[in-house]
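Below is one structure, written out as structure tokens, with a few remarks after it.
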Amino acid sequence: MNRKSRNKLLAATAVIIILISGLTYFSLSGKGSLAYFKTVKEIRADKSLVGETLRVGGKVLPGTRSQGPDGLKFKIGDAGSSLWVTYRGSQPSTFGDNVQVIAEGELISADHLKAKTLVTKCPSKFKTKKIE
Amino acid sequence: MINVGKAALYLSAIISAVLLVAIPYVAKDRRRTDAVRACYWWLIGVFGALTAAILVLLGAFIAKDFSFQYVAGYSSADMAVQYRMAALWAGHEGSLLLWAWMLAGFAAAIAALKLKNPDQLDTYALAVINDVQLFLLAILVFAADPFVASAPGTTAGQGINPLLMHWAMVIHPPTLFLGYAGLTIPFAYAMATAWVRDPSSKWLDHSQRWSIFAWLLLSIGIFLGALWAYVVLGWGGFWGWDPVENASFLPWLTATAMLHSFTVYKRRDAFKLWSLSLATVSFLLVVMATFITRGGFIQSVHTFAPNNLMVWLFSGFIILVAILAGQLISSRYQLFQGREQLTSLLSKEFMYFFNNVVLLAGAIILLGATIAPVFGGPALKPASYNTIAIPIGLIYLIALGLCPVLAWRKTDVARMKQYLLWPGAVTILSAVPLFLYWQKLRDLVVSVDPTVETRPLEPLGYIGLLAAVFTFVAALELFYFGAKQKAKRSKRSWLAALGSLFVENRSQAGGYTTHLGVAVIVAGLVGSMIFTVDINDTITNRKGAQLEIPGYSLRLVGVKTSDSPAETVETGQFDLVDAKTKKVIKRLEPSNVVHKTGPSAGQNSRNVDIEYQAFQDVFIIFGGTNPDKTITLEVKINPLIMFVWIGSGILVLGMVIAYWPRRKKKAAA
Numbered sequence: 397m398n399r400k401s402r403n404k405l406l407a408a409t410a411v412i413i414i415l416i417s418g419l420t421y422f423s424l425s426g427k428g429s430l431a432y433f434k435t436v437k438e439i440r441a442d443k444s445l446v447g448e449t450l451r452v453g454g455k456v457l458p459g460t461r462s463q464g465p466d467g468l469k470f471k472i473g474d475a476g477s478s479l480w481v482t483y484r485g486s487q488p489s490t491f492g493d494n495v496q497v498i499a500e501g502e503l504i505s506a507d508h509l510k511a512k513t514l515v516t517k518c519p520s521k522f523k524t525k526k527i528e
Numbered sequence: 031m032i033n034v035g036k037a038a039l040y041l042s043a044i045i046s047a048v049l050l051v052a053i054p055y056v057a058k059d060r061r062r063t064d065a066v067r068a069c070y071w072w073l074i075g076v077f078g079a080l081t082a083a084i085l086v087l088l089g090a091f092i093a094k095d096f097s098f099q100y101v102a103g104y105s106s107a108d109m110a111v112q113y114r115m116a117a118l119w120a121g122h123e124g125s126l127l128l129w130a131w132m133l134a135g136f137a138a139a140i141a142a143l144k145l146k147n148p149d150q151l152d153t154y155a156l157a158v159i160n161d162v163q164l165f166l167l168a169i170l171v172f173a174a175d176p177f178v179a180s181a182p183g184t185t186a187g188q189g190i191n192p193l194l195m196h197w198a199m200v201i202h203p204p205t206l207f208l209g210y211a212g213l214t215i216p217f218a219y220a221m222a223t224a225w226v227r228d229p230s231s232k233w234l235d236h237s238q239r240w241s242i243f244a245w246l247l248l249s250i251g252i253f254l255g256a257l258w259a260y261v262v263l264g265w266g267g268f269w270g271w272d273p274v275e276n277a278s279f280l281p282w283l284t285a286t287a288m289l290h291s292f293t294v295y296k297r298r299d300a301f302k303l304w305s306l307s308l309a310t311v312s313f314l315l316v317v318m319a320t321f322i323t324r325g326g327f328i329q330s331v332h333t334f335a336p337n338n339l340m341v342w343l344f345s346g347f348i349i350l351v352a353i354l355a356g357q358l359i360s361s362r363y364q365l366f367q368g369r370e371q372l373t374s375l376l377s378k379e380f381m382y383f384f385n386n387v388v389l390l391a392g393a394i395i396l397l398g399a400t401i402a403p404v405f406g407g408p409a410l411k412p413a414s415y416n417t418i419a420i421p422i423g424l425i426y427l428i429a430l431g432l433c434p435v436l437a438w439r440k441t442d443v444a445r446m447k448q449y450l451l452w453p454g455a456v457t458i459l460s461a462v463p464l465f466l467y468w469q470k471l472r473d474l475v476v477s478v479d480p481t482v483e484t485r486p487l488e489p490l491g492y493i494g495l496l497a498a499v500f501t502f503v504a505a506l507e508l509f510y511f512g513a514k515q516k517a518k519r520s521k522r523s524w525l526a527a528l529g530s531l532f533v534e535n536r537s538q539a540g541g542y543t544t545h546l547g548v549a550v551i552v553a554g555l556v557g558s559m560i561f562t563v564d565i566n567d568t569i570t571n572r573k574g575a576q577l578e579i580p581g582y583s584l585r586l587v588g589v590k591t592s593d594s595p596a597e598t599v600e601t602g603q604f605d606l607v608d609a610k611t612k613k614v615i616k617r618l619e620p621s622n623v624v625h626k627t628g629p630s631a632g633q634n635s636r637n638v639d640i641e642y643q644a645f646q647d648v649f650i651i652f653g654g655t656n657p658d659k660t661i662t663l664e665v666k667i668n669p670l671i672m673f674v675w676i677g678s679g680i681l682v683l684g685m686v687i688a689y690w691p692r693r694k695k696k697a698a699a
């Protein structure tokens, strides 16, 4: 490739890449666009997380579900620790006792996550028992 | 029976292990065609043995033989036979067996087709495919054996998640896996041609049909998964940027770039290193995808055991292949230099280059976002994924609309202007009506939730609609000009020429059709990702109670409850009423199922109901009755989502048109 066409190509590539990285950076800089995955145990152990947007996974503990003024309220547990989750909005499919859920939202106090999204693990993969 | 299956699996692994050494050994000497043929036969033998193994497992599912641990783990006696058969690929052992079987099938098909006249290139390619096959078989034998006996006295199975019992879930995994397995073929041929130092496009002649077939199945597989997620999963959407979805989308991105590079390779003798590298990257992503979906890599983030055999085998294999392939390609760097130079930015070459860069950059960002949480990084919300994906998608779409009107090497600007006239004019004419439509969509969303997350994307939605119109008209125009040229050359009427375009110039007609499809899909994505109206509310459980939603009201007719030992089903009956005419459009009957037995006892599943319309869907999730005599409801209005399904259909149709086997070949064979 001669120098002229190489330079042209490099310049054009640089423009594309800068544009794409700029867009990516821009869209990630907004508040709450990133959520750190934390375990229930980690959340309970670290008080400084209050106020952060977090994503947490755990099992819905049997007998903790209720519908109240805050919407759906339940406790999720993981390895001996537990956390209250409130969620406004309708439950996802296959929600219920012992279901693995991923809740995402703001940790409003040390033991309470106000979820903006609530998903049950996509059921196409289950039986992780063996691997775990 | 379990030992028969095991024996067949082990036999295939042993043959494959012998071939690991045997094929490269006999391939070196071009004169040893008999020995090469013998290897080809043995490859067919591997397929035979694996077919026996998979039939044993399938038979066990059909016969409800719960002495197989795998059968007991994924099925139960009360499941319908088609779902029991589909349970074959419900777990990672069966999925990997299916993958290996399909790959062996591809190897056997290539071996059988080339048996008469074995070529060194094919032999080396088959050697690579066999290596991959051996890797999968090794995993099956050492880490994921599907032929393990249950504890003595097991007479019942655990059953399967009820959401998986749906026709789309029966065919989605095998379609996807066939696509995954198929993408091994271009990789194998790329390695083979680099190994034998042949920079001609012969390897593409031998492999391109397989590559396109694989791409097509991958696309259909993703499409079916999305459809299932929409209709069954109750997300209210078809794409949630779940790691498993991302995993299948990643190889699709690079394989799309790969196919485009192949075109340039064949037609312009350029993009050779691109082609080799993209074939390799696509293959690695396929392995990665299998690992993510079936190896439990990302799902079990917090229980991720680094000493786990499966994790080591997969990561080791990915790293090994990356090093070996990288080494091979870089050692052939000079040989695979393209002949053609890039002379102008207004050329097809540049657009193909642009296409590769954008798709690859997209894949890198998506890969990073998908695996970051595994290494303690942040996770992206679906909305954040959208904010990244939509602008990149729009840039890409503009290139797509522009590319067909550009010429190779250098474009005649006057001609380009002539081409751009109509799409440009129609886009400008539609600017005002689209603006009004856009405003309507936006107002609907805002009227329900003024703080909705998608607000910053709204202006892009307008650009997206305009770009979709532009691309659509540009693609239509391609048909027009294509037929006009052909009519002139062959002195036929325009209409006859258009018809013959689909017979004689299939790749051209198919290509234009795919572009039409993409334009339609984009309109659908814009509508359904940016302008979804989402209403969560409760109404009293009383006949005639109403929920007002923009454009409609939902009137409760009643709640039916049916009880059985296995489950309680509450079905809400609603009349969807047009807000203006007050006429009932449709009776919608979403339901809520509470399971009482099996592994999902104590859990609910939702059967959504959807009113499908051309320009928007009304999607209803029934949350069941509450103790305080209310009903929880979620209603979504998804604008233009139908365009996604229709556009996908057009896209696949275009690919089928382009690569339908030619009649000439049939006559010769």
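Residue numbers (our numbering), protein chains in the order written: chain V, 397 to 528; chain C, 31 to 699. The beta-carbon is built from N, C-alpha and C at its ideal position, and this holds for glycine as well.
Counting only the same chain and skipping the five closest in sequence on each side, list residues whose C-beta sits under 7 angstroms from that of residue i.
i: residue 605 of chain C; result: 585, 587, 614 and 617
i: residue 135 of chain C; result: 77
i: residue 690 of chain C; result: 536
i: residue 424 of chain C; result: 490, 493, 494 and 497
i: residue 679 of chain C; result: none
i: residue 582 of chain C; result: 606, 607, 608, 609 and 648
i: residue 289 of chain C; result: 241, 242 and 245
i: residue 60 of chain C; result: 150
i: residue 408 of chain V; result: none
Assign residue i to buried or exposed, taking buried as 16 or more other Cβ atoms, counted over all protein chains shown, within 10 Å of its Cβ.
i: residue 249 of chain C; result: buried
i: residue 411 of chain V; result: exposed
i: residue 1 of chain C; result: A query on residue 1 of chain C cannot be resolved here, the shown segment of chain C reaching from 31 to 699 and no further.
i: residue 216 of chain C; result: buried
i: residue 681 of chain C; result: buried
i: residue 281 of chain C; result: buried
i: residue 578 of chain C; result: exposed
i: residue 507 of chain C; result: buried
i: residue 18 of chain C; result: Here chain C covers residues 31 to 699 and nothing more, so residue 18 of chain C does not appear.
i: residue 633 of chain C; result: buried
Less than 7 angstroms between the beta carbons of residue i and residue j, yes or no?
i: residue 497 of chain C; j: residue 513 of chain C; result: no
i: residue 319 of chain C; j: residue 278 of chain C; result: yes
i: residue 180 of chain C; j: residue 97 of chain C; result: yes
i: residue 562 of chain C; j: residue 666 of chain C; result: yes
i: residue 56 of chain C; j: residue 66 of chain C; result: yes
i: residue 635 of chain C; j: residue 203 of chain C; result: no
i: residue 620 of chain C; j: residue 650 of chain C; result: yes
i: residue 285 of chain C; j: residue 269 of chain C; result: no
Might you give, ordered along the chain, the residues of its own chain that have their beta carbon closer than 8 angstroms to the beta carbon of residue i, omitting 5 neighbours on each side?
i: residue 554 of chain C; result: 670, 671, 672, 673, 674, 675, 676 and 677
i: residue 133 of chain C; result: 159, 162, 163, 166, 211 and 214
i: residue 28 of chain C; result: The structure shown does not extend to residue 28 of chain C, since chain C spans only 31 to 699, so no value can be given for it.
Following a CB-centred definition, is residue i positioned closer than 6 angstroms to any heavy atom of the ligand SAM?
i: residue 457 of chain V; result: Among the ligands in the structure shown, none appear at all, so the ligand SAM cannot be discussed.
Sorted by chain position, which residues of the same chain lie with C-beta nearer than 6 angstroms to residue i's C-beta, five sequence neighbours on each side aside?
i: residue 225 of chain C; result: 154
i: residue 435 of chain V; result: 474
i: residue 399 of chain C; result: 410
- Along the chain, which unbroken stretches of the beta strand (DSSP E) at least 3 residues long are found entirely within the segment 350-428 of chain C? 408-410
- Query: Taking a cut of 9 angstroms between CB atoms, which residues from the segment 373-392 of chain C lie near chain V?
  - Reply: For the segment 373-392 of chain C, which is checked against every Cβ of chain V, the residues closer than 9 angstroms are 373, 374, 375, 380, 383, 384, 387, 388, 391 and 392.
- alpha helix (DSSP H) runs contained entirely in the segment 141-193 of chain C, provided each spans 4 or more residues: 150-172
- Query: Taking a cut of 7 angstroms between CB atoms, which residues from the segment 631-647 of chain C lie near chain V?
  - Reply: 632, 633, 634, 635 and 636
- Quick one: complete alpha helix (DSSP H) runs, 4+ long, within the segment 291-323 of chain C? none
- Item | Against chain V: residues of the segment 398-412 of chain C by CB proximity under 7 angstroms | Cβ contacts with chain V come from 403, 408, 409, 410 and 411.
- Message: What ranges does the beta strand (DSSP E) occupy inside the segment 208-287 of chain C, keeping only unbroken runs of at least 3 residues that lie completely in it?
- Response: none
- At 3 residues or longer, and completely inside the segment 562-621 of chain C: list those beta strand (DSSP E) runs for me, N to C. Taking only runs of at least 3 residues, the beta strand (DSSP E) segments lying wholly in the segment 562-621 of chain C are 563-570, 576-579, 582-593, 597-608 and 614-618.
- Message: Short of 8 angstroms Cβ to Cβ, which residues in the segment 492-511 of chain V face chain C?
- Response: 492, 493, 494, 495 and 500
- Query: At which residue ranges does the segment 433-507 of chain C contain complete alpha helix (DSSP H) runs of 4 or more residues, listed in the order of the chain?
  - Reply: 443-478
- Query: Between the segment 435-463 of chain V and chain C, which residues of the former have a C-beta closer than 8 angstroms to a C-beta of the latter?
  - Reply: 435, 451, 453, 458 and 463
- Message: For the segment 416-429 of chain C, list every residue whose C-beta sits within 8 angstroms of some C-beta in chain V, in sequence order.
- Response: 417, 418, 421, 422 and 425
- Message: Give the list of continuous beta strand (DSSP E) stretches no shorter than 3 residues that lie fully inside the segment 435-459 of chain V.
- Response: Runs of the beta strand (DSSP E) spanning 3 or more residues and lying entirely within the segment 435-459 of chain V occur at 449-456, in chain order.
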